[in-house]
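To start, the structure under review is shown below, and the notes come after it.
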Amino acid sequence: MVTQQYPSQLLEQAVQEFSRLPGVGRKTALRLVLYLLRQDCADVEQFAQTIAKFRTEVKRCKVCHNISDSDTCPICSNPRRDTTTVCVVENVQDVMAIENTQQYNGLYHVLGGVISPMDGIGPSDIEIDSLVARVRAYDIKEVILALGSTMEGDTTGFYIYRKLEEFTDLTVTVIARGIAVGNELDYTDEVTLGRSILNRTPFEKK
């Protein structure tokens with residue numbers, strides 16, 4: 211394999227940094243860096259400042275752990291949302307995917323991952339305990355498990371179900387399996403995902 215030769219060490223360093231992004235190979239990274247090189251210095255500086263500001267100032271909602279500009283995200287602070295229903299998702303992308311369906315008006319709980327022993331991720335590494343505490347503290351009537359239909363998603367869903375069994379007045383549902391087995395939510399089209407939310411079913415203990 212021939213190593214790419216760069217006419218500038220600074221160019222090589224910039225390409226190396228861009229290629230660290232997921233899904234960005236060195237050829238794509240080089241194209242992006244050369245594009246920035248053709249832009250005005252002020253535009254590139256604004257780009258860099260925006261990324262740096264995002265990294266240092268973005269927050270996690272203290273209620274649902276969604277990304278937010280403030281301590282409480284716009285969804286949790288919206289008085290028109292149904293506060294008795296909480297939709298449990300793996301990540302922020304899933305919140306955006308469900309919101310785009312415009313079929314759900316409750317709140318969310320972002321786990322920040324799923325249980326995956328192969329990857330060294332256990333129940334204590336994601337936001338399961340805070341979910342249980344939330345159900346205990348607030349008048350929540352339904353928890354919707356909107357996790358990907360993967361082995362890890364199913365394992366996480368079952369673990370959460372067992373943790374919530376003590377709440378006898380709580381209904382635990384799971385989104386309908388209109389989503390192909392093995393698929394992640396953010397790769398599912400909005401119509402299918404919306405129907406899966408509307409047609410959710412009681413969680414079945416296996």
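Here the sequence shown stands for residues 211 to 416, numbered as in my numbering.
Glycine included, C-beta positions come from ideal geometry on N, C-alpha and C.
Just so we're clear, the structure is a prediction, and the values are computed from it rather than from any experiment.
Quick check on the burial criterion: 16 or more other C-beta atoms within 10 angstroms. Buried or exposed for residue i?
| i | result |
| --- | --- |
| C251 | exposed |
| Y318 | buried |
| Y245 | exposed |
| I261 | exposed |
| R346 | exposed |
| E227 | exposed |
| G363 | buried |
| S287 | exposed |
| L374 | buried |
| T366 | buried |
| N310 | exposed |
| L231 | exposed |
| E337 | buried |
| R410 | buried |
| V391 | With a pLDDT of only 45 at V391, under the threshold of 50, the placement of this residue in the model should not be trusted; the figure read from the coordinates follows. Answer is exposed; the Cβ neighbour count stays below 16. |
For residue i, which residues of its own chain have a beta-carbon under 6 Å away from its beta-carbon, when the five flanking residues on both sides are left out?
| i | result |
| --- | --- |
| Q219 | none |
| Y371 | V382, F413 |
| V342 | K373 |
Quick one: what does DSSP say residue i is sitting in, helix, strand or coil?
| i | result |
| --- | --- |
| G363 | helix |
| T282 | coil |
| Y371 | helix |
| I331 | strand |
| T378 | coil |
| S229 | coil |
| K263 | helix |
| V296 | strand |
| S287 | coil |
| V391 | The predicted model places V391 with a pLDDT of 45, which falls under 50 and marks its position as unreliable; any figure quoted below should be read in that light. V391: coil per DSSP, three-state reduction. |
| I277 | strand |
| V302 | helix |
Quick one, which of the options has its alpha-carbon nearest residue i's?
| i | options | result |
| --- | --- | --- |
| D281 | P289, C271, H275 | C271 |
| T238 | D253, E222, Q249 | E222 |
| E352 | D335, Q312, I385 | I385 |
| L240 | L380, K263, V225 | V225 |
| Y378 | S229, R265, E337, I350 | The residue you asked about is not Tyr; residue 378 is Thr in the sequence shown. Looking at the Cα atoms, I350 is the closest of the given residues. |
| C274 | D339, T360, L380, E376 | D339 |
| R236 | Y216, F257, R248 | Y216 |
Counting only the same chain and skipping the five closest in sequence on each side, list residues whose C-beta sits under 8 Å from that of residue i.
| i | result |
| --- | --- |
| V299 | V305, I308, Y318, H319, V320, L321, A356, L357, L395 |
| V234 | F228, L242 |
Skipping 5 residues on each side, what residues in its chain have a beta carbon closer than 7 Å to that of residue i?
| i | result |
| --- | --- |
| Y314 | C297, I308, I407 |
| G316 | R291, D292, T295, V296, C297 |
| D335 | G323 |
Please tell me whether residue i has its Cβ less than 8 Å away from any Cβ of chain D.
| i | result |
| --- | --- |
| L374 | Among the protein chains of the structure shown there is no chain D, as only one such chain exists. |
Q.
Can you confirm whether the region 253-271 touches the region 326-341 when touching is taken to mean that 3 or more C-beta pairs between the two stretches lie within less than 8 Å?
A. Cβ pair count under 8 Å is below three, so no.
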